[in-house]
Structure formats: structure tokens, C-alpha cells
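Down below is the structure, laid out as C-alpha cells.
Residue numbers (my numbering), protein chains in the order written: chain F, 4 to 168; chain G, 4 to 182.
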């Protein structure tokens with residue numbers, strides 16, 4: 004997993020730099036999703052809190068940066084599944100992201116200074132800890148949220164859409 | 004204690020409790036971190052508390068240092084809610100614990116508390132309003148308190164939080180601290 008963590012960290016840093024996250028994010032926003040749209044320009048979208056969000060169409064070709072591409076390639080090797088796309092979700096400290104899901108399995112992981120980042124779902128009995136490079140696979144259609152329980156640090160998570168087997 | 008959540012065979016009338024709280028739940032003073040105190044330190048008869056107790060960043064623990072005697076707020080004296088408080092105080096004694104603060108904790112939609120410990124070993128919870136998307140999480144395990152009016156015992160001396168993923172409904176629990 005060390006390689007996974009290292010590539011993940013590089014990918015997140017590259018996304019952060021490319022999107023100038025630190026300067027562009029609305030500080031009042033609890034979360035942000037970053038992906039590449041069909042026109043191959045970096046886009047940002049705020050999720051809707053009023054509903055469960057289907058993010059099937061948000062996943063893009065994983066070409067935001069070389070580092071993200073390399074991370075995706077490694078995830079592909081690790082899971083032996085084709086990677087369809089990748090998004091980055093920033094979850095502010097002491098926050099939960101909105102609930103979302105996609106129509107295929109998702110590899111969810113996080114990297115940051117905190118240890119209190121979990122994937123939570125009312126349908127599950129266990130909340131996988133995805134802090135510090137840990138990852139989990141959420142099955143197709145299962146709605147979930149990223150919970151960042153840290154009081155000091157925001158978290159960045161990468162969500163990889165895995166093609167159906 | 005090894006279990007995190009224990010459902011006790013003890014029930015109260017959640018609607019009656021809520022009627023004792025009345026319009027306080029809709030008060031503009033109620034913010035994300037506001038608690039309604041059912042009892043309060045004798046010298047400080049406030050009903051709304053906006054500031055959390057001290058937080059130890061190293062141990063990730065909320066520490067309540069108040070040792071002053073607590074009395075039921077005058078608004079609730081002689082009500083069903085005072086009866087509930089007294090019964091939970093008696094219940095605490097059967098567990099060898101002193102029940103201290105009694106509070107209404109509101110958990111807003113799409114919100115979660117800090118991942119933390121408390122300096123008491125356990126607390127009693129009575130859900131007053133809840134929904135399928137509201138739960139507690141203790142060391143990675145999802146813990147549910149689905150029955151309104153039922154008394155649950157929850158271990159608070161391990162890392163835990165409460166999360167409400169509902170987009171629209173707040174969760175209200177009547178919570179009793181112990182020591």
C-alpha cells in the first residue's frame with residue numbers, strides 16, 4: 004500500500020496545485036468536488052445537500068494531471084479493474100459531504116494530516132477509515148458520505164470509478 | 004463495559020418530553036452547537052449553552068470540569084421532564100454513576116460532530132426525534148438508536164461521533180452525562 008499512498012498523495016497535491024484549491028475555494032463551503040468535464044477543462048461543482056446525488060456522470064477521463072493518471076493506473080493494477088474516472092472531494096474539518104453514489108463500484112481514499120476521515124452510510128454497519136492513505140471500495144448504488152471528524156484539518160479524498168466486471 | 008450501545012428496557016414518552024421543551028426547539032438562539040440545558044449549575048441558571056466544554060487536542064477528549072451542584076431549570080420544575088431526569092438519576096445509581104448534565108442535543112441535517120472522546124465513561128440517550136439517516140459511530144462501527152423514547156446507554160470513553168445524513172430532518176436526543 005505504500006506505493007498506493009505515495010501516488011495518491013502526489014495525485015492530490017497535483018490536483019490541489021492545478022486547481023489552486025487554497026486560493027479559489029469558498030471558505031464557507033463545507034465541501035467541493037473537482038473533476039474534469041467533457042471539454043477537458045478543470046471544473047468545480049458544489050454538491051446539492053438537498054438530495055442524494057448521483058455522480059455517475061461527473062467522472063471524467065482520468066487525465067487531470069500526470070500524477071492523477073499515474074495514481075489511476077496503479078489503482079487499476081491494484082484492483083484489477085478498469086478505472087473509468089476519478090474525482091477529488093474536499094471535505095472541510097468537522098463536516099460531512101453530501102450523500103452520493105454512482106452506478107459502479109467506487110474506490111474511495113483520503114490523504115491528509117488528519118486521522119478522522121471515514122466513509123459513512125446508513126446502510127452499512129461499519130464505517131471504513133480512509134485517513135492517511137487508507138482506502139475502501141463502495142459497492143455500486145450504495146449511497147455514502149465522507150465524514151471528516153478532525154477539528155483542525157480539511158481533508159482531500161480521491162474517488163475512483165471502477166468499471167463493471 | 005465492552006458494548007458501545009446498549010438498549011435498555013426503559014421507555015419514556017418522547018412527545019410529552021418535547022411538549023415540556025415547547026417552543027425552545029424553535030428558538031432563534033438554537034445554533035449548530037447550542038444545547039438546551041435541562042439542569043444547570045446553581046449559580047448560572049442559563050437554558051442555552053453555546054460554547055462546548057474544554058477540548059484537549061492531544062487526547063481528543065472533551066473535558067467537563069464543572070463540579071458545581073446542578074439543579075433543574077425552573078422552567079422544567081414540576082413537569083414530566085423533571086420526573087424523567089429524576090428517574091435517570093436513579094438509573095445512574097444502579098450503574099454506580101452520578102448523573103450530571105441533562106441536555107437536549109440537536110444534530111442538524113447533513114452534519115457530524117468532531118470525532119472525539121468524552122471524560123465520562125458512558126451517557127444515557129433518549130432519542131426524541133430521529134430518522135434512518137442519523138446514527139452514532141464508535142471506532143468505525145455504526146451504532147443506531149432507532150426507538151424514540153427508549154433509553155440507550157452509550158460508551159463515550161472511546162473515539163466516537165454522531166452523524167446525521169438526512170438532508171432535511173434534525174435529530175434531537177435528550178442526553179445525560181455521568182461521572
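Here a beta-carbon is modelled for each residue, glycine too, at the ideal position from N, C-alpha and C.
For residue 20 of chain G, there is no enclosing beta strand (DSSP E); the residue is found in the alpha helix (DSSP H) stretching over 17 to 24. Residue 12 of chain G counts as exposed, since fewer than 16 other C-beta atoms from the protein chains shown sit within 10 angstroms of its C-beta.
For residue 33 of chain G, there is no enclosing beta strand (DSSP E), since its DSSP letter is neither H nor E. Taking 7 Å as the Cβ-Cβ cut-off, the segment 131 to 146 of chain G approaches chain F at 135, 136, 138, 140, 143, 144 and 145, given in chain order. Boundaries of the alpha helix (DSSP H) around residue 84 of chain G: 83 to 97.
Counting every other CB atom within 10 Å of its CB across the protein chains shown gives residue 41 of chain G a total of 16 or more, marking it as buried. When the Cα atoms are used, residue 153 of chain G and residue 145 of chain G turn out to be separated by approximately 18 Å.
For residue 78 of chain G, the secondary structure class from DSSP, reduced to helix, strand or coil, is helix.
Not a single CB atom of chain F sits nearer than 8 Å to the CB of residue 24 of chain G. Per DSSP, the unbroken alpha helix (DSSP H) holding residue 75 of chain F starts and ends at 69 to 82. Taking 8 Å as the upper bound on Cβ-Cβ separation, chain F lies near residues 112, 113, 114, 115, 116, 117, 118 and 119 of the segment 105 to 121 of chain G. For the pair residue 138 of chain G and residue 147 of chain G, the CB atoms are nearer than the 8 Å cut-off. Here the alpha carbon of residue 101 of chain G sits roughly 31 Å from the alpha carbon of residue 29 of chain G. The C-beta of residue 6 of chain G has fewer than 16 other C-beta atoms within 10 Å across all chains shown, which makes the residue exposed.
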